[in-house]
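According to the working numbering, the sequence shown holds residues 4 to 252 in order. Read through the structure below, which is laid out as structure tokens, and then see the notes.
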Amino acid sequence: MRILLSNDDGVHSPGLLALYEGLEGMGDLEVVAPDRDHSGASNALTLNRPLTVEQLSNGFRSVDGTPTDCVHLAVNGLFEQSFDRVISGINTHANLGDDVIYSGTVAAATEGRHLGLPAIAVSLANAGHFHYDTAARVVRLLLQQDKPLALGPRCILNVNVPDLPWTELAGFRVTRLGHRTTAEGAVPMTCPRGKPRYWIGAAGEGGDAGEGTDFEAIRQGYVSITPVHVDMTRHEALSSLNDWLEGVR
């Protein structure tokens, strides 16, 4: 098995290193990741300049671009051999509910899926204990499953792992994405030259975070595994939209 590893926290992230070490021996591992933190980059591609790729002393490749850039380059040009799958992570914080819209971790996985490869995004629901080894072990266990998993096109697995020792995990749950409440307001500040600046406010808490959601699973100590389908068409609305447009055409 030939596996591409990437992330959005940057090529020097402890989560990425833990993922690499946790998957050693499972196949041919290649790491292509951003040269700095790109959290919140979503599926952005860099189209206004060429990208630079540097190979580090540990064999990892660093790209001065987004997570999507990294996976796109790795699959479409950097290597002669093709990959069997893409794993993105281990993200330093959870990607629950609406987080997947903004997440560079999820974006790296979805780019792999767009390019025809099975993909997993994995995140640690960080509580300050940094049990990346637990999250890496979860991914290794998922890759060791003998039974084939047919998720269909444009679908990835979004995996969130509680920040617990392996022996304290409650188990695994298949979940749906919950939803957060409205984010906090922007935080104003003033730069040393007297000009106004703003920090984006913190994400809202779980608003729809009850039974069956990824929020609930993490709260109860379970690994949350959510199949995420990247198709933004609201199919249920097609008929009513056609009715609404009747007479306009």
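All C-beta atoms, glycine included, are put in the ideal place defined by N, C-alpha and C. Computed from a predicted structure; not experimentally measured.
query	result
DSSP beta-bridge partners of W202	V190
Per-residue DSSP class, three states only, for D31	strand
Beta-carbon proximity of I6 to I93, cut-off 9 Å	no
DSSP state of A36 mapped onto helix, strand, coil	strand
Limits of the beta strand (DSSP E) - the one that G174 falls within	G174 to V177
For N161: DSSP bridge partner residues	A124 and T229
Counterpart residues of Q58 in DSSP-defined beta bridges	R64
Given 8 Å, three or more beta-carbon pairs between the segment 94-103 and the segment 121-141	yes
Beta-carbon proximity of L145 to V162, cut-off 9 Å	yes
L106 versus S45, D31, W247 and L172, residue with shortest Cα-Cα distance	The sequence as given places Ser at residue 106; Leu does not occur at that position. The candidate whose alpha carbon is nearest that of S106 is S45.
Reference I221; option with closest CA among A240, P165, L248 and P191	P165
Chain-order list of residues whose beta-carbon lies under 6 Å from that of W169 (same chain, five-residue window excluded)	T137 and R140
Cβ shell of G43 (< 6 Å), same chain only, five flanking positions each side left out	Y105
Nearest-angstrom beta carbon gap, G25 and R116 [assumed within contact, 8 Å]	So it is not a contact: roughly 22 Å between Cβ atoms.
Where R116 sits in the DSSP three-state scheme	helix
Backbone secondary structure at A79 - three-state DSSP	Per the sequence shown, the amino acid found at residue 79 is Asn instead of Ala. The answer is helix: DSSP assigns N79 an H, G or I state.
8 Å contact criterion, which L118 and V78 should meet: CB distance rounded	5 Å
Beta strand (DSSP E) segment containing N94, residue limits	R88 to N94
Beta carbon of G181 nearer than 9 Å to that of G213	yes
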